[in-house]
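S.K.: Handing you this structure, nothing more for now.
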Amino acid sequence: MGKSFVVTVAGMVSTLVATSIQASPVTFSGMGLNQTVDYKLSGVDKTSKAGQILINFQSQNLTAYCVDLNHTVKSSWDATPASPDFINGGRAAAFLYDTYAASVDSSLKAAALQVAIWEVVTDFGGTLNLLAGNFKLLDSENVRNLATIYLGSLPGDVGNYQSSSFIVKSGSDPRSQHLIVPEPATLGVVMVATGMMFADRRRRRAATARVAC
């Protein structure tokens, strides 16, 4: 019975891992709460909507935020889940997303969260200042003030932060934005199943050791 269970779990893990890491289609469903902002990126003036990006990924409707200012969102593309470590400042972006995304109930909050995420993925490793660096917010004082509060909440050891959020890593044809989203359910199942498998292995090793003694 135990052996059969382990084989079943191992097979399930292999299947789910293979499924989760394969490229899956992403569909852009439109913008949620957002606000148009002007900013400067590496010396170039730009204007963009900042806020919730609504997508369907792995058969789930998700509220995402952009972690990639160098590309635009396409109407549809292929992507794979990736760890926040895939991008610069990824754990800081994940902390901001995990801490504030669920409480966004206004365009101001949505824009401020997006601006704070843009700041960390662009200037992480240096001083986080929305008036200086490679990313600068040019207008929207209310957005800047709230985003600054969000940035001020980052823990000093954010590099050790563990998040359940993931990056939707865009494929290259077409190349869309990388986005941050809650953990896809399939990956959650993989983690649970993997934990069950390793726990069972530890129990069997312990039992073998007792018999040997």
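Sequence positions in the sequence shown follow this note's numbering and run 3 to 215.
Every residue, glycine too, gets a C-beta built ideally from N, C-alpha and C.
As the structure is a computational prediction, the values presented were derived from the model and not from experiment.
Would you tell me roughly how many angstroms separate the C-alpha atoms of residue 29 and residue 75, rounded to the nearest one?
M.R.: In this structure, the alpha-carbon of residue 29 lies about 10 Å from that of residue 75.
S.K.: Span of the alpha helix (DSSP H) holding residue 107?
M.R.: Neither: residue 107 is in no alpha helix (DSSP H) and is coded neither H nor E.
S.K.: So, residue 132 versus residue 143, is the Cβ gap smaller than 8 Å?
M.R.: no
S.K.: Among 56, 175, 73, 60, which one has its Cα closest to the Cα of residue 48?
M.R.: 73
S.K.: By Cβ distance, which residues of its chain are closer than 8 Å to residue 26, with the 5 residues on each side in sequence left out?
M.R.: 59, 60, 80, 81, 82
S.K.: Does the region 38-45 touch the region 87-95, meaning 3 or more C-beta pairs lie closer than 8 Å?
M.R.: The region 87-95 makes no contact with the region 38-45: fewer than 3 CB pairs, one atom from each, lie closer than 8 Å.
S.K.: From the DSSP output, in three-state form, read off residue 25 for me.
M.R.: coil
S.K.: Short of 6 Å in beta carbon distance, which residues of its chain neighbour residue 64, apart from the five on each side in sequence? Order them along the chain.
M.R.: 57, 183
S.K.: To the nearest angstrom, report how far apart residue 127 and residue 104 are at their CA atoms.
M.R.: 26 Å
S.K.: Give the DSSP bridge partners of residue 126, in chain order.
M.R.: 128
S.K.: Assign residue 46 to buried or exposed, taking buried as 16 or more other Cβ atoms, counted over all protein chains shown, within 10 Å of its Cβ.
M.R.: With fewer than 16 other Cβ atoms within 10 Å, it is exposed.
S.K.: Of the residues 52, 95, 171, which one's Cα is nearest the Cα of residue 110?
M.R.: 52
S.K.: Using 8 Å as the cut-off, can you tell me whether the region 143-154 makes contact with the region 164-183, which would need three or more C-beta pairs spanning the two stretches below that distance?
M.R.: no
S.K.: Are residue 160 and residue 66 close, meaning C-beta to C-beta below 8 Å?
M.R.: no
S.K.: Excluding the 5 residues flanking residue 135 on each side, which residues of the same chain have their C-beta closer than 8 Å to its C-beta?
M.R.: 121, 124, 125, 128, 129
S.K.: Going by Cα to Cα distance, which pick from 33, 31, 84, 54 is closest to residue 185?
M.R.: 84
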